[in-house]
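A.B. asks:
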Amino acid sequence: MTFKFPDTAGIFPQFILVVLCLLGIYTFVYGFAEAKAERKKIEEGQEIKNIFSWEENKLPLLGYALIVVYILLIDVLGFFVSTTIFMVGYMLFLKMRKPLTLMLVTLGVDVFVYFLFVMQLKLNLPSGLLI
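Residues in the sequence shown are numbered consecutively from 184, following my numbering.
1) Counting beta carbon pairs with one atom in the segment 235 to 253 and one in the segment 268 to 282, are three or more of them shorter than 8 Å?
2) For Gly261 and Ile250, what's the separation of their Cα atoms in angstroms?
3) Go through its chain and collect everything with a Cβ distance to Ser310's Cβ below 7 Å, but skip five positions before and after it.
4) Confirm, please, whether the CB-CB distance from Leu285 to Val271 is below 7 Å.
5) How many angstroms separate the CA atom of Ile199 from the CA atom of Phe211?
6) I'd like the list of long-range same chain contacts for Asp258, defined as Cβ closer than 8 Å, with 5 residues on each side in sequence excluded.
7) Is it buried or exposed for Phe235, if we count other Cβ within 10 angstroms and need 16 for buried?
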């Protein structure tokens, strides 16, 4: 699809495509190396860590659940309300407890997104059913 763009407009998407392909190849090769190392540990009788346990995956899964709830709430509460709630909730989930930091980061992101997408790019972000 990026090859249909004009020459100069397609350079950045093509660059990103190449970088993502290289990273995918690296991840693929690294995965095989890790699997080989784990097989060697098993053969030597060493105990390996269970990466599929609830304790090992609890925090990432809860983080994903918060993101899914955020995405579902955007249409109901609107972009800025749900983003504010999500950011504060996620920062608390990540154990950021300073109220000033929570407030300034959330306000900064909201103002930046509003200025860039609403004021400059003239995009209509979801306002939600409540507003």
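For each residue, glycine too, the CB sits at the ideal point set by N, CA and C.
C.D. replies: Result, derived from the coordinates:
1) yes
2) 15 Å
3) Gly261
4) yes
5) 18 Å
6) Pro309, Gly311, Leu312
7) exposed
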